[in-house]
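Residue numbers (my numbering): 13 to 238. As structure tokens, the structure follows; a few thoughts come after it.
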Amino acid sequence: MKNLDRRQWLKTMGLTSGFTLMGGLSVAAFESTFPSRPLALPIKLSSNENPYGPSENVRTVIKNSFDIACRYPFEYLRKLVQEIADKEGVSKDCIVVTGGSTEGLKATGLLYGLHNGEVIAADPTFQSLLRYAEYFGAYVHRVPLNDKLEHDLEAMAKRITSKTRLIFLCNPNNPTGTLIEKNKLRDFCLSNDDKAVIFSDEAYYDFIMEPDYPSMVELVKQDRNV
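Written out as structure tokens, the structure reads:
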């Protein structure tokens with residue numbers, strides 16, 4: 013199968029569902045939305061979950077939506093896509109919405125895994141995309157982390173061949189929690205996005221404590237293959 017660039021991927025994903033490639037709410041927004049209160053359930057530190065459940069505002073919106081829950085959501089989906097695009101400063105063509113991030117990861121793994129595609133990723137890292145790619149015939153190059161448990165970008169770059177379709181970067185990385193140095197990340201993307209799609213998984217972006225750490229949405233705005 014011919015290598016798919018980011019634009020082709022978005023068009024293909026748009027036929028099914030989707031997710032954004034962008035960061036989410038700030039830590040400050042999280043703190044203001046979820047006030048401190050006793051927890052009824054244990055906190056699972058191994059998962060990126062909100063132990064407080066939906067905020068009161070979200071609960072109210074859900075309750076008030078029951079009267080329209082019988083309708084197809086296409087109109088609301090279009091509005092949501094446009095609002096996300098406006099917030100992130102990108103075209104609505106850059107936004108795909110899925111039923112949770114796992115659906116988007118699996119669909120991407122399927123797309124790039126077909127017909128013996130090759131994927132490059134750190135090891136260990138988050139597995140959903142990689143496992144699904146393997147289910148559909150991909151060969152996944154798992155590149156060991158360095159001695160600081162960080163992505164070894166130099167070693168990953170050396171694995172790129174004409175067969176490489178996707179490079180997966182979970183940043184911050186799950187399960188190690190390590191962060192790719194921002195200049196190294198940007199340089200890696202700019203140096204290699206002409207060889208394969210760079211998939212920057214920013215599911216844990218809100219945990220980054222470094223001020224002004226950039227989302228790779230900045231490269232999306234430049235129409236890079238990210």
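For every residue, glycine included, the Cβ atom is placed at its ideal position computed from N, Cα and C.
Helix, strand or coil for residue i, going by three-state DSSP, please let me know.
i, result
"residue 171", "coil"
"residue 64", "coil"
"residue 188", "coil"
"residue 73", "helix"
"residue 82", "coil"
"residue 102", "coil"
"residue 220", "coil"
"residue 164", "coil"
"residue 193", "coil"
"residue 36", "Only weak support exists for where residue 36 lies, its pLDDT of 39 falling under 50; the value from the coordinates is given anyway. Residue state, collapsed to three classes: coil."
"residue 122", "helix"
To the nearest angstrom, how far is the alpha carbon of residue i from that of residue j?
i, j, result
"residue 87", "residue 98", "17 Å"
"residue 179", "residue 120", "11 Å"
"residue 206", "residue 56", "39 Å"
"residue 235", "residue 228", "11 Å"
"residue 134", "residue 222", "22 Å"
"residue 2", "residue 72", "Residue 2 lies beyond the range of the chain shown here (13 to 238); nothing can be said about it."
"residue 140", "residue 224", "29 Å"
"residue 190", "residue 79", "45 Å"
"residue 128", "residue 171", "16 Å"
"residue 77", "residue 158", "49 Å"
"residue 123", "residue 62", "30 Å"
Check the DSSP bridge columns for residue i and list the partner residues they point to.
i, result
"residue 130", "151, 176"
"residue 211", "180"
"residue 156", "135"
Among the options, which one has its Cα closest to the Cα of residue i?
i, options, result
"residue 209", "135, 137, 173, 167", "173"
"residue 92", "64, 109, 76", "109"
"residue 52", "183, 61, 65", "65"
May I ask you to verify whether the region 103-113 touches the region 147-163, counting CB pairs closer than 8 Å and requiring at least 3?
Touching, no.
Touch test, the region 126-146 against the region 90-97, Cβ-Cβ under 8 Å, three pairs minimum:
By the criterion of at least three beta-carbon pairs nearer than 8 Å, the region 126-146 is not in contact with the region 90-97.
For the pair the region 213-221 and the region 70-83, tell me if three or more CB-CB distances fall below 8 Å.
With the cut-off at 8 Å, the region 213-221 and the region 70-83 do not touch.
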